[in-house]
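There are 2 protein chains.
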Amino acid sequence: MSLDHAATKPHERLAAALADDLALVNDMIRERMASEHAPRIPEVTAHLVEAGGKRLRPMLTLAAARMCGYGGPYHVHLAATVEFIHTATLLHDDVVDESDKRRGRPTANLLWDNSSSVLVGDYLFARSFQLMTETNNMRVLRILSNAAATIAEGEVLQLTAAADLATTEDIYLKVVRGKTAALFSAAMEVGGVIAEMSDTQVQSLFDYGDALGISFQIVDDLLDYGGTAATGKNIGDDFRERKLTLPVIRAIAKADVEEMAFWKRTISKGKQADGDLDTALSLLAKHATMESTRQDALEWAEKAKRSLHDLPDHEIKTMLIDLADYVVARVV
Amino acid sequence: MSLDHAATKPHERLAAALADDLALVNDMIRERMASEHAPRIPEVTAHLVEAGGKRLRPMLTLAAARMCGYGGPYHVHLAATVEFIHTATLLHDDVVDESDKRRGRPTANLLWDNSSSVLVGDYLFARSFQLMTETNNMRVLRILSNAAATIAEGEVLQLTAAADLATTEDIYLKVVRGKTAALFSAAMEVGGVIAEMSDTQVQSLFDYGDALGISFQIVDDLLDYGGTAATGKNIGDDFRERKLTLPVIRAIAKADVEEMAFWKRTISKGKQADGDLDTALSLLAKHATMESTRQDALEWAEKAKRSLHDLPDHEIKTMLIDLADYVVARVV
Numbered sequence: 001m002s003l004d005h006a007a008t009k010p011h012e013r014l015a016a017a018l019a020d021d022l023a024l025v026n027d028m029i030r031e032r033m034a035s036e037h038a039p040r041i042p043e044v045t046a047h048l049v050e051a052g053g054k055r056l057r058p059m060l061t062l063a064a065a066r067m068c069g070y071g072g073p074y075h076v077h078l079a080a081t082v083e084f085i086h087t088a089t090l091l092h093d094d095v096v097d098e099s100d101k102r103r104g105r106p107t108a109n110l111l112w113d114n115s116s117s118v119l120v121g122d123y124l125f126a127r128s129f130q131l132m133t134e135t136n137n138m139r140v141l142r143i144l145s146n147a148a149a150t151i152a153e154g155e156v157l158q159l160t161a162a163a164d165l166a167t168t169e170d171i172y173l174k175v176v177r178g179k180t181a182a183l184f185s186a187a188m189e190v191g192g193v194i195a196e197m198s199d200t201q202v203q204s205l206f207d208y209g210d211a212l213g214i215s216f217q218i219v220d221d222l223l224d225y226g227g228t229a230a231t232g233k234n235i236g237d238d239f240r241e242r243k244l245t246l247p248v249i250r251a252i253a254k255a256d257v258e259e260m261a262f263w264k265r266t267i268s269k270g271k272q273a274d275g276d277l278d279t280a281l282s283l284l285a286k287h288a289t290m291e292s293t294r295q296d297a298l299e300w301a302e303k304a305k306r307s308l309h310d311l312p313d314h315e316i317k318t319m320l321i322d323l324a325d326y327v328v329a330r331v332v
Numbered sequence: 001m002s003l004d005h006a007a008t009k010p011h012e013r014l015a016a017a018l019a020d021d022l023a024l025v026n027d028m029i030r031e032r033m034a035s036e037h038a039p040r041i042p043e044v045t046a047h048l049v050e051a052g053g054k055r056l057r058p059m060l061t062l063a064a065a066r067m068c069g070y071g072g073p074y075h076v077h078l079a080a081t082v083e084f085i086h087t088a089t090l091l092h093d094d095v096v097d098e099s100d101k102r103r104g105r106p107t108a109n110l111l112w113d114n115s116s117s118v119l120v121g122d123y124l125f126a127r128s129f130q131l132m133t134e135t136n137n138m139r140v141l142r143i144l145s146n147a148a149a150t151i152a153e154g155e156v157l158q159l160t161a162a163a164d165l166a167t168t169e170d171i172y173l174k175v176v177r178g179k180t181a182a183l184f185s186a187a188m189e190v191g192g193v194i195a196e197m198s199d200t201q202v203q204s205l206f207d208y209g210d211a212l213g214i215s216f217q218i219v220d221d222l223l224d225y226g227g228t229a230a231t232g233k234n235i236g237d238d239f240r241e242r243k244l245t246l247p248v249i250r251a252i253a254k255a256d257v258e259e260m261a262f263w264k265r266t267i268s269k270g271k272q273a274d275g276d277l278d279t280a281l282s283l284l285a286k287h288a289t290m291e292s293t294r295q296d297a298l299e300w301a302e303k304a305k306r307s308l309h310d311l312p313d314h315e316i317k318t319m320l321i322d323l324a325d326y327v328v329a330r331v332v
């Protein structure tokens, strides 16, 4: 491992290795988010697309295609598709969550209005399907429309599970697959499909994306209660929004009568007062649920790495393995 | 023309002629709007899907396919697709318009919340694309994803054109194509495509749907200022919401200084008082813009009928011709 290697983060190394492809993806995103008739559309989209996201999801598609030796042009279309779906989801999420900040900037629904966020999101969804049809590959359309349905279903599930103490780990996992892992796994899968890999190898790519997405989201949920890294996030947002994430679900499962009364008041009824977040944190510590959740994240990251076993050796494969380690390094 | 024929409306005759197909479409809609994990989804969707819409758009797909002699199963998938796209659009429209009534019932955003309307709409969009992929016909996917983009673009355009006195007839037509005609034309077109009609005939089907949709929407906008039929709608909703529809756009084009001041105050600035709607109506009358708009609707209906010329003679063709007359009969 060279010093250079050690000094950069895996997603930065991926971005460097995929720089030419990523430039094409960025060009395509800019070109396709234009609207001759409705200038509001590129305004809203540019605000989000140019806001400095890491382009992690489109990179997964490019990485999968390159690792599998794909030589055609359509990994670019599919990577742009994946970013459009992601951006549309963010626009709608901000309406659902009534967020006012995203990536450190005011959200579109704050700068314009909820209506613009809803409709421009719809436009990007439609655009993403137009882009997919250009690949002439029905299988990728199936994969990505399935992913879009899983995403929406997961978001609805999260909505109805909020503030519900009966939320199980199983429901949590479905929500996580919807909000994060479904697009990670589809992004990987379509890269392998256009490269005409075997069904087993395509499944391995899916499994990598699925496990990476789950560990990514579990880590995110952990960091909301502190984690170990400096993140710039506000601690306790999920608690205040009464979201049932893994550390809390596990603490509730082990709660005695008095603790249950605390969770009922703060989460079910949403009656929170000063000091409640500290109490919640002390209950997570008492039942060691931060630690057990952290173990889960590590196991999913290991699963992601194992999934790549039967794929061709390639410098990008190494970076994807490092990426799985990096995702959980925030809580190691 | 038999008495029986004269006694029923064209869309009812279409529904009778297509009854078996429509039953299959309804079954498919019910089956595909289910969600194993998120019961909120079928609740919201059923509220809207079962609310007694006329199924006009899916009927257009079934009618086009039948008229063109299609013998396969996929007109049912495509008709269900079209209804899902329509339903998703309605759910999102109600959020955008902050509506509280739809088809005489409380809207989903009122019964549940905006979040449910946004996310369940997204789910239906995704489901509609899943359904389309089952046809294995890339051309219909292109047509319907283009339509979805046109719909969203038209809605954004309507949003930004609201309260803008500079809105032209050209912009109005784009909005109308987006909000209504794009799905009508695509619904017709895909029926012809799966029946493997010639490009000319497919274009004719598109033209029929396009012209029918435009006349349909122009009539709707006319009725908002009174029209001649009993509709149960509130007169003046568009005026209060400061929407620029054809009768107003034409009255503004002919306004003198004093009239322009009235439009600026009531539409641009939205400062409306008692009696303003009456003044608006008198200005539409003065410049005869209701009558000239009505003429436009009639011309579009004639264009719709002419478009069917080169299509095979069929009882359904006669019904589609009658349907075009019926759409404008509300203002004849």
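Chains A and B, in that order, give the protein sequences.
All letters in the first sequence, in the order written, are residues 1 to 332 by the UniProt record's numbering.
All letters in the second sequence, in the order written, are residues 1 to 332 by the UniProt record's numbering.
Even for Gly, the Cβ is constructed at its ideal location relative to N, Cα and C.
Source: prediction; values computed, not measured.
Practice task
Could you check which residue in B:Gly275, B:Leu91, B:Ala79, B:Val193 has the C-alpha nearest to that of valine 25 of chain B?
Solution key: Working through the second sequence from its first residue, we reach residue 25 of chain B at position 25. Looking at the Cα atoms, B:Ala79 is the closest of the given residues.
Problem - Cross-strand partners of proline 247 of chain A (DSSP beta bridge) - result: Here the question's residue 247 of chain A lines up with position 247 in the first sequence. Note: proline 247 of chain A sits in no beta bridge, so no partner.
Handout entry: proline 10 of chain B (DSSP reduced to helix, strand or coil)
Key = Position 10 of the second sequence, counted from the start, is the residue given in the question as residue 10 of chain B. In the structure shown, proline 10 of chain B sits in a helix (DSSP, three-state: H, G or I).
Handout entry: Closer than 8 angstroms to chain B by CB, serine 198 of chain A
Key = As a working note, residue 198 of chain A is residue 198 in the first sequence. Judged by the 8 angstroms Cβ criterion, serine 198 of chain A is not in contact with chain B.
Problem - Residue-chain proximity (histidine 37 of chain B, chain A), Cβ-Cβ < 8 angstroms - result: The residue given as residue 37 of chain B occupies position 37 in the second sequence. So yes, histidine 37 of chain B belongs to the interface.
Handout entry: Helix, strand or coil at proline 73 of chain B [DSSP, three-state]
Key = Within the second sequence, numbered from 1, the residue matching residue 73 of chain B stands at position 73. Coil.
Problem - proline 312 of chain A - DSSP class collapsed to helix/strand/coil - result: By one-based count along the first sequence, residue 312 of chain A stands at place 312. Here proline 312 of chain A sits in coil by DSSP.
Problem - Interface residues of the segment 151-178 of chain A facing chain B [CB-CB below 7 angstroms] - result: Residues of the segment 151-178 of chain A with a C-beta atom less than 7 angstroms from some C-beta of chain B are Ala152, Glu153, Glu155, Val156, Leu157, Leu159, Thr160, Lys174, listed in chain order.
Practice task
Can you grab the Cα-Cα spacing for the pair lysine 9 of chain B / leucine 124 of chain A, in whole Å?
Solution key: As a position in the second sequence, residue 9 of chain B is number 9, starting the count at 1. As a position in the first sequence, residue 124 of chain A is number 124, starting the count at 1. One C-alpha to the other measures close to 39 angstroms.
Exercise for the section: Taking only the alpha-carbon atoms, compute the straight-line gap between serine 46 of chain B and alanine 108 of chain B and give it to the nearest angstrom. Expected result: As a position in the second sequence, residue 46 of chain B is number 46, starting the count at 1. As a position in the second sequence, residue 108 of chain B is number 108, starting the count at 1. For the record, residue 46 of chain B in the displayed sequence is alanine; it is not serine. Rounded to the nearest angstrom, the two C-alpha atoms are 10 angstroms apart.
Problem - Cβ contact check for the segment 277-288 of chain B and the segment 241-252 of chain B: 3 or more pairs under 8 angstroms - result: A contact between stretches requires three or more CB pairs, one per stretch, nearer than 8 angstroms, and the segment 277-288 of chain B meets this requirement with the segment 241-252 of chain B.
Practice task
Step through the CB atoms of chain A and report whether any lies within less than 8 angstroms of the CB of valine 96 of chain B.
Solution key: To locate residue 96 of chain B, count along the second sequence from 1; it is residue 96. Yes, contact with chain A.
Problem - First and last residue of the uninterrupted alpha helix (DSSP H) at threonine 61 of chain B - result: Within the second sequence, the letter at position 61 stands for residue 61 of chain B. Per DSSP, the unbroken alpha helix (DSSP H) holding threonine 61 of chain B starts and ends at 56-67.
Problem - Cβ contact (3+ pairs, closer than 8 angstroms) linking the segment 145-165 of chain A and the segment 264-271 of chain A - result: Contact between the segment 145-165 of chain A and the segment 264-271 of chain A is present: 3 or more CB-CB pairs across the two stretches fall below 8 angstroms.
Problem - Collapsed DSSP secondary structure at proline 42 of chain B in the structure displayed - result: By one-based count along the second sequence, residue 42 of chain B stands at place 42. Here DSSP, grouped into helix, strand and coil, assigns proline 42 of chain B to helix.
Practice task
Tell me, please, whether the CB atom of methionine 1 of chain B is closer than 8 angstroms to any CB atom in chain A?
Solution key: Here residue 1 of chain B is taken as the residue at index 1 of the second sequence, counted from 1. Note that methionine 1 of chain B scores 38 on pLDDT, short of 50, meaning its location in the model is unreliable and no value can be drawn from it.
Problem - Start and end residues, alpha helix (DSSP H) containing glutamine 272 of chain B - result: As a working note, residue 272 of chain B is residue 272 in the second sequence. Run containing glutamine 272 of chain B: none; DSSP gives neither H nor E here.
Practice task
Enumerate in chain order the residues of its own chain whose CB-to-CB distance from alanine 34 of chain B is below 6 angstroms, with the five nearest sequence positions on each side excluded.
Solution key: Counted from its first residue, the second sequence places residue 34 of chain B at position 34. By the criterion of a C-beta distance shorter than 6 angstroms, alanine 34 of chain B is surrounded in its chain by Pro42, once the five residues flanking it on both sides are discounted.
Practice task
Determine the direct distance from the alpha carbon of phenylalanine 216 of chain B to that of serine 307 of chain B, and round the result to whole angstroms.
Solution key: As a position in the second sequence, residue 307 of chain B is number 307, starting the count at 1. As a position in the second sequence, residue 216 of chain B is number 216, starting the count at 1. If I take the Cα positions, the gap works out to 16 angstroms.
Problem - Contact with chain B by aspartate 4 of chain A, beta-carbon distance below 8 angstroms - result: Position 4 of the first sequence holds residue 4 of chain A. For aspartate 4 of chain A, the predicted structure reports a pLDDT of 49, less than 50, and the residue's modelled location is therefore unreliable. A value from the coordinates is still provided. For aspartate 4 of chain A, the answer is no, since every Cβ of chain B falls outside 8 angstroms of its Cβ.
Handout entry: Beta-carbon gap between phenylalanine 184 of chain A and leucine 131 of chain A smaller than 8 angstroms
Key = In the first sequence, residue 184 of chain A corresponds to position 184, counting from 1. In the first sequence, residue 131 of chain A corresponds to position 131, counting from 1. Cβ distance not < 8 angstroms, so phenylalanine 184 of chain A and leucine 131 of chain A don't count as in contact.
Practice task
Can you tell me which of B:Val82, B:Tyr225, B:Thr89, B:Leu119 puts its alpha carbon nearest to the alpha carbon of leucine 91 of chain A?
Solution key: As a first step, residue 91 of chain A must be located in the first sequence, where it is residue number 91. The shortest Cα separation from leucine 91 of chain A among B:Val82, B:Tyr225, B:Thr89, B:Leu119 belongs to B:Leu119.
Exercise for the section: Within the same chain, show all residues whose beta-carbon is closer than 7 angstroms to that of serine 2 of chain A, passing over the 5 residues directly before and after it, in chain order. Expected result: Indexing the first sequence from 1 puts residue 2 of chain A at position 2. Bear in mind that the predicted position of serine 2 of chain A carries a pLDDT of just 42, short of 50, making it too unreliable to give a figure here.
Problem - Spatially closest choice to alanine 148 of chain A from A:Thr289, A:Lys179, A:Asn137, by CA coordinates - result: Counting from 1 along the first sequence, the entry for residue 148 of chain A is found at position 148. Alanine 148 of chain A has its Cα closest to that of A:Lys179, out of A:Thr289, A:Lys179, A:Asn137.
Exercise for the section: Would you identify the three-state DSSP class for methionine 33 of chain A, choosing helix, strand or coil? Expected result: Here the question's residue 33 of chain A lines up with position 33 in the first sequence. In this structure, methionine 33 of chain A counts as coil in the three-state DSSP scheme.
Exercise for the section: Please specify which runs of the alpha helix (DSSP H), each continuous and at least 4 residues long, are wholly inside the segment 101-187 of chain A, giving them in chain order. Expected result: Every unbroken stretch of the alpha helix (DSSP H) spanning 4 or more residues and falling wholly within the segment 101-187 of chain A is given here in chain order: 108-111, 114-133, 138-161, 169-176.
Practice task
Determine whether the Cβ of aspartate 256 of chain B lies closer than 8 angstroms to any Cβ atom of chain A.
Solution key: Locating residue 256 of chain B in the second sequence gives position 256, counting from the first residue. Not one chain A Cβ lies under 8 angstroms of aspartate 256 of chain B.
Exercise for the section: List the whole-angstrom C-beta distance separating alanine 187 of chain B from glycine 209 of chain B, where the pair is believed to meet the contact cut-off of C-beta under 8 angstroms. Expected result: Position 187 of the second sequence holds residue 187 of chain B. Position 209 of the second sequence holds residue 209 of chain B. 6 angstroms between Cβ atoms; contact.
Practice task
Give a single yes or no on whether alanine 80 of chain A has its beta carbon closer than 7 angstroms to a heavy atom of the ligand FAD.
Solution key: Of the ligands one can find in the structure shown there are none, so the ligand FAD has no counterpart to examine.
Handout entry: With 16 other Cβ atoms within 10 Å as the buried cut-off, status of proline 58 of chain B
Key = Residue 58 of chain B sits at position 58 when you count from the first residue of the second sequence. By the 10 Å Cβ count, proline 58 of chain B comes out buried.
Problem - Proximity below 8 angstroms, CB of histidine 77 of chain A to CB of methionine 28 of chain A - result: Here residue 77 of chain A is taken as the residue at index 77 of the first sequence, counted from 1. Here residue 28 of chain A is taken as the residue at index 28 of the first sequence, counted from 1. It is a contact, given that the beta carbons lie within the stated cut-off.
Exercise for the section: Would you mind stating whether glutamate 241 of chain B and alanine 38 of chain A have Cβ atoms separated by less than 8 angstroms? Expected result: Locating residue 241 of chain B in the second sequence gives position 241, where the first residue counts as 1. Locating residue 38 of chain A in the first sequence gives position 38, where the first residue counts as 1. For glutamate 241 of chain B and alanine 38 of chain A, no; Cβs fall outside 8 angstroms.
Handout entry: Opening and closing residue of the alpha helix (DSSP H) in which arginine 306 of chain B lies
Key = Mapped onto the second sequence, residue 306 of chain B falls at position 306. Taken as a continuous stretch (DSSP letters only), the alpha helix (DSSP H) holding arginine 306 of chain B covers 289-307.
Practice task
In the DSSP assignment, find the unbroken alpha helix (DSSP H) run with valine 202 of chain B in it and report its ends.
Solution key: The residue you call residue 202 of chain B lines up with position 202 of the second sequence. Note, valine 202 of chain B: alpha helix (DSSP H), 199-223.
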